[in-house]
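*Asks:* If you want our numbering, it's the position in the sequence shown, counting the first as 1, plus 36. Glycine included, every Cβ here is placed at the ideal spot set by N, Cα and C. Provided herewith is a single structure, encoded as structure tokens, for subsequent inquiry.
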Amino acid sequence: MSRQGIYSDAPQGGDRVWLDGLGIVTGLTYSTAYSGGANSATWNFLVPEAFEHRALTPGRRVEILNGASRVWKGRLQEPTPGTPWNCGAVGIGAEAANFRAYAPSSNNALALNEIVDQAISRGLQWTRAATLTTETGTNQNSASMTVAAAMNQVADDNNQYWQLDNRGYVTMGSAPVGPTHLFYAIDTAGARTLNGFVTTLYLHYTDSTSKTIKTVVSTNAAAAARFGPLEDEYDLSSVGTMAAGHAQQYSDALLAKLTPRSYFSDQFTATKGQLCTLGGQPVDLATIAAGINMRVHYVAPSANGEIYPGRQADILIAATEYDSDNETLTLTPVGPPSATYPEAQLTKQATAFYNKYEHWQNDLAIARALAAKAAAARKARRKAAAEKAVMTLKARAKAHHTAYLHSLTTQKARINKMEKAARAKATAERKAPNLTAAQRKAITANENAIVQGDIARKNQIDAQRKSANAAYKRYVAHENAVLKSIKKWK
37 MSRQGIYSDA PQGGDRVWLD GLGIVTGLTY STAYSGGANS ATWNFLVPEA FEHRALTPGR
97 RVEILNGASR VWKGRLQEPT PGTPWNCGAV GIGAEAANFR AYAPSSNNAL ALNEIVDQAI
157 SRGLQWTRAA TLTTETGTNQ NSASMTVAAA MNQVADDNNQ YWQLDNRGYV TMGSAPVGPT
217 HLFYAIDTAG ARTLNGFVTT LYLHYTDSTS KTIKTVVSTN AAAAARFGPL EDEYDLSSVG
277 TMAAGHAQQY SDALLAKLTP RSYFSDQFTA TKGQLCTLGG QPVDLATIAA GINMRVHYVA
337 PSANGEIYPG RQADILIAAT EYDSDNETLT LTPVGPPSAT YPEAQLTKQA TAFYNKYEHW
397 QNDLAIARAL AAKAAAARKA RRKAAAEKAV MTLKARAKAH HTAYLHSLTT QKARINKMEK
457 AARAKATAER KAPNLTAAQR KAITANENAI VQGDIARKNQ IDAQRKSANA AYKRYVAHEN
517 AVLKSIKKWK
């Protein structure tokens with residue numbers, strides 16, 4: 037039985053019902069995120085399968101209390117009847133993805149104060165008690181993105197994070213400077229990794245003045261000197277125009293998040309007594325939310341592994357998940373961020389998705405994996421949940437596939453543009469006076485070489501598109517086969 041209390045309330049308040057008074061709550065877990073706040077919660081509810089009560093109506097407010105203190109807040113999702121019932125709720129931080137960034141006055145989806153106030157008036161369970169960071173240099177059409185995407189974009193532009201406390205008060209600012217907690221680790225969380233670590237970043241954008249694609253560069257010389265050059269690029273050319281200064285600001289802010297070598301390849305699991313205050317007093321794990329900066333003992337090998345000598349392993353926590361039954365807290369360190377602009381993020385995910393797909397041994401492995409998931413759900417008599425899981429995978433694959441094709445189209449358009457520029461340059465060079473026949477021939481030969489190279493690259497892109505379409509078609513066929521078998525369950 038959970039030692040935390042859960043109650044549901046009407047969306048407008050005034051109808052609080054404690055679930056512990058209706059049945060037995062077990063298996064409670066709840067999570068938080070940074071940027072963000074309360075993320076998700078799940079629990080088992082032991083009541084008769086035919087049980088009915090208004091407290092389980094989807095859309096009701098849900099709060100989890102640890103003693104007299106609120107530790108999590110969100111909105112109830114559709115419960116799944118059974119023995120026991122499976123219940124879940126989406127947190128007030130994750131709920132921002134369900135609201136559009138509507139700005140009727142400024143018509144700018146990045147006007148955070150306006151879009152947050154508008155969302156609150158439409159039912160978002162937040163309170164804006166302070167002014168949020170103001171975005172300059174770019175504009176997104178009103179309601180063209182979600183509140184969560186807008187908050188993430190502005191935060192990344194300014195090397196900041198946004199956070200909700202347990203009351204639902206939203207703020208935006210820099211990550212904690214220096215440790216807020218001490219963590220006495222008994223495992224290495226997969227040890228350090230250089231994955232996602234970057235010393236030089238090339239950012240492509242569409243210039244607001246010339247309407248052409250340009251590139252800005254950000255470099256961390258100290259990191260490059262210690263670890264050698266590690267370069268990456270982000271393509272934001274398809275998300276609208278921006279000024280050169282704003283593109284450089286975004287590039288610098290993103291590199292600042294990519295540079296600190298504080299990434300771990302796994303998670304820490306804390307039990308009682310491991311996470312403490314700076315004074316060494318153990319904290320109640322049930323009350324800890326993402327966004328803390330913990331100093332890890334017994335893990336960091338030495339200062340020689342850091343960019344800045346003498347800096348200890350202070351780890352910013354991006355996500356937490358508390359298991360009430362086992363009284364353990366899973367702590368996920370901040371990892372390498374991805375571009376928060378929707379198209380750029382999907383393109384990155386799609387590329388990784390297809391890179392992984394090419395290494396799958398055969399299509400049968402996919403079918404077996406999906407069948408295993410379906411069999412597990414069938415054993416638990418959760419037909420609806422199994423169908424929903426497969427449909428979610430199907431929708432995710434479609435989004436990745438669409439984004440991947442879009443990235444190929446963007447690459448081909450860029451090659452066409454460079455090819456056109458090369459032809460124009462060669463034509464201008466051939467018009468120069470006093471050129472010998474040999475010089476003209478050399479210019480033409482160089483032009484032909486460039487064009488042939490561009491043609492080869494475009495043919496390669498077409499082959500990638502054809503392969504991706506075939507792979508996606510096989511993937512969907514397997515998912516449809518699994519869905520068909522699920523529908524036959526009795």
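Cβ atoms of A306 and T364: under 8 angstroms apart, would you say?
*Replies:* By 1-based counting over the sequence shown, the position of residue 364 is 328. By 1-based counting over the sequence shown, the position of residue 306 is 270. Against a cut-off of 8 angstroms, the Cβ pair of A306 and T364 comes out as a contact.
*Asks:* Does the segment 310–322 come close enough to the segment 209–222 that 3 or more CB-CB pairs lie under 8 angstroms?
*Replies:* The answer is yes - the segment 310–322 touches the segment 209–222, with three or more Cβ pairs under 8 angstroms.
*Asks:* Taking Cβ positions, are T169 and V190 nearer each other than 8 angstroms?
*Replies:* By 1-based counting over the sequence shown, the position of residue 169 is 133. By 1-based counting over the sequence shown, the position of residue 190 is 154. Yes, Cβ-Cβ distance for T169 and V190 is below 8 angstroms.
*Asks:* Using the Cβ count rule (16 or more neighbours within 10 Å means buried), how would you classify P265?
*Replies:* By 1-based counting over the sequence shown, the position of residue 265 is 229. Counting Cβ neighbours within 10 Å, P265 comes out exposed, since fewer than 16 surround it.
*Asks:* At 3 residues or longer, what runs of the beta strand (DSSP E) sit wholly inside the segment 63–97?
*Replies:* 74–82
*Asks:* Assess contact between the segment 105–120 and the segment 200–214, defined as three or more Cβ pairs (one per stretch) separated by less than 8 angstroms. Is contact present?
*Replies:* yes
*Asks:* Taking the Cβ atom as the reference point for each residue, do A139 and I151 lie within a distance shorter than 8 angstroms?
*Replies:* Translated into the one-based positions of the sequence shown, residue 139 becomes position 103. Translated into the one-based positions of the sequence shown, residue 151 becomes position 115. It is a contact, given that the beta carbons lie within the stated cut-off.
*Asks:* Just grab the DSSP bridge partners of E267 for me.
*Replies:* Along the sequence shown, one-based indexing puts residue 267 at 231. In the DSSP output, where bridge partners are listed per residue, E267 has T236.
*Asks:* Let me make sure I understand the geometry here. Which of H442, L112, F81 and L148 has the alpha-carbon closest to that of P120?
*Replies:* Counting from 1 along the sequence shown, the entry for residue 120 is found at position 84. The option with the nearest alpha carbon to P120 is F81.
*Asks:* If I measure Cβ to Cβ from E483 and keep anything under 7 angstroms in the same chain, skipping five residues before and after, which residues do I get?
*Replies:* Position 447 of the sequence shown holds residue 483. Around E483: A458, R459 and A462.
*Asks:* Have a look at N495 and K456 and give me their C-alpha separation to the nearest angstrom.
*Replies:* As a working note, residue 495 is residue 459 in the sequence shown. As a working note, residue 456 is residue 420 in the sequence shown. C-alpha separation (whole angstroms): 17 angstroms.
*Asks:* If you compare alpha carbons, which of R262, A260, S246 and L148 is closest to T277?
*Replies:* Against the sequence shown, residue 277 aligns to sequence position 241. When only C-alpha atoms are compared, the closest one is S246.
*Asks:* Would you call A388 buried or exposed, if buried means 16 or more other Cβ atoms sit within 10 Å of its Cβ?
*Replies:* Your numbering for residue 388 matches position 352 in the sequence shown. Confidence is the limiting factor: at A388 the pLDDT is only 44, short of 50, which leaves the residue's position unreliable and the question unanswerable from this model.
*Asks:* Suppose you measure from the CA of N195 to the CA of A166; what does that come to, to the nearest Å?
*Replies:* Position 159 of the sequence shown, counted from the start, is the residue given in the question as residue 195. Position 130 of the sequence shown, counted from the start, is the residue given in the question as residue 166. Approximately 19 angstroms between the Cα atoms of the pair.
*Asks:* Within 10 Å of its beta-carbon, does S142 have 16 or more other beta-carbons around it, so buried, or fewer, so exposed?
*Replies:* Counting from one through the sequence shown, the residue named residue 142 turns up at place 106. S142 is exposed by the Cβ-count criterion.
*Asks:* Would you call I328 buried or exposed, if buried means 16 or more other Cβ atoms sit within 10 Å of its Cβ?
*Replies:* Within the sequence shown, residue 328 is the residue found at index 292, counting from 1. Classification for I328: buried.
*Asks:* Where does L382 land, buried or exposed, given buried means 16+ other C-beta within 10 angstroms?
*Replies:* Within the sequence shown, numbered from 1, the residue matching residue 382 stands at position 346. Per-residue confidence for L382 stands at a pLDDT of 40, beneath the threshold of 50, marking its modelled position as unreliable; no derived number is given.
*Asks:* Count Cβ pairs between the segment 434–449 and the segment 504–516 that sit closer than 8 angstroms; are there 3 or more?
*Replies:* yes
*Asks:* Can you tell which of P84, R466 and A506 has its C-alpha closest to the C-alpha of L58?
*Replies:* For this step, residue 58 is matched to residue 22 along the sequence shown. The shortest Cα separation from L58 among P84, R466 and A506 belongs to P84.
*Asks:* Fully enclosed by the segment 127–202, which beta strand (DSSP E) runs are 3 residues long or longer?
*Replies:* 197–200
*Asks:* Judging by CA-CA distance, which residue of G41, T65, N134 and L112 is the nearest neighbour of L101?
*Replies:* Within the sequence shown, numbered from 1, the residue matching residue 101 stands at position 65. Comparing Cα positions, the closest option is G41.
*Asks:* What separation, rounded to the nearest whole angstrom, lies between the Cα atoms of S521 and V426?
*Replies:* In the sequence shown, residue 521 corresponds to position 485, counting from 1. In the sequence shown, residue 426 corresponds to position 390, counting from 1. For S521 and V426, the distance between alpha carbons rounds to 12 angstroms.
*Asks:* Could you tell me the boundaries of the beta strand (DSSP E) in which N329 lies?
*Replies:* The sequence position of residue 329 within the sequence shown is 293, counting from 1. N329 to H333 is the extent of the beta strand (DSSP E) around N329.
*Asks:* So which of A474, K502, A468 and A46 has the shortest CA-CA distance to H89?
*Replies:* As a position in the sequence shown, residue 89 is number 53, starting the count at 1. Ranked by how close their Cα comes to the Cα of H89, the residues A474, K502, A468 and A46 have A46 in first place.
*Asks:* Should D498 be labelled buried (16 or more other beta-carbon atoms within 10 Å of its own) or exposed?
*Replies:* For the purposes of this step, residue 498 is taken as the residue at position 462 of the sequence shown. When all chains shown are included, D498 counts as exposed.
*Asks:* Any idea what DSSP makes of R39, helix, strand or coil?
*Replies:* Start at 1 with the first residue of the sequence shown, and residue 39 comes out as number 3. The answer is coil: DSSP assigns R39 none of H, G, I, E or B.
*Asks:* Assign P469 to buried or exposed, taking buried as 16 or more other Cβ atoms, counted over all protein chains shown, within 10 Å of its Cβ.
*Replies:* In the sequence shown, residue 469 corresponds to position 433, counting from 1. Burial call: exposed.
*Asks:* What separation, rounded to the nearest whole angstrom, lies between the Cα atoms of S254 and W54?
*Replies:* Position 218 of the sequence shown holds residue 254. Position 18 of the sequence shown holds residue 54. The alpha-carbon atoms of S254 and W54 are separated by roughly 53 angstroms.
*Asks:* How many angstroms separate the CA atom of K477 from the CA atom of Q488?
*Replies:* Locating residue 477 in the sequence shown gives position 441, counting from the first residue. Locating residue 488 in the sequence shown gives position 452, counting from the first residue. In this structure, the alpha-carbon of K477 lies about 16 angstroms from that of Q488.
*Asks:* When you compare each of G129, E465, V98 and V183 to N149 by their alpha carbons, which one comes out closest?
*Replies:* Along the sequence shown, one-based indexing puts residue 149 at 113. For N149, the nearest C-alpha among the options comes from V183.
*Asks:* For the alpha helix (DSSP H) containing A478, name the first residue and the last one.
*Replies:* Against the sequence shown, residue 478 aligns to sequence position 442. Run containing A478: A473 to K523, per the alpha helix (DSSP H) assignment.
*Asks:* What residue from A322, G127, V319 and Y43 has the CA that sits closest to T93's CA?
*Replies:* As a position in the sequence shown, residue 93 is number 57, starting the count at 1. Taking only the C-alpha atoms, the option nearest T93 is Y43.
*Asks:* When you compare only the Cα positions, how much space is there between D153 and F263?
*Replies:* Looking up residue 153 in the sequence shown gives position 117. Looking up residue 263 in the sequence shown gives position 227. Computed Cα separation, rounded: 45 angstroms.
*Asks:* Give a yes or no on whether 8 angstroms exceeds the smallest Cβ distance from P215 to chain D.
*Replies:* Among the chains of the structure shown, chain D does not appear; only one protein chain is present.
*Asks:* Please classify N516 as buried or exposed, where buried requires at least 16 neighbouring CB atoms within 10 angstroms.
*Replies:* As a working note, residue 516 is residue 480 in the sequence shown. N516 comes out exposed.
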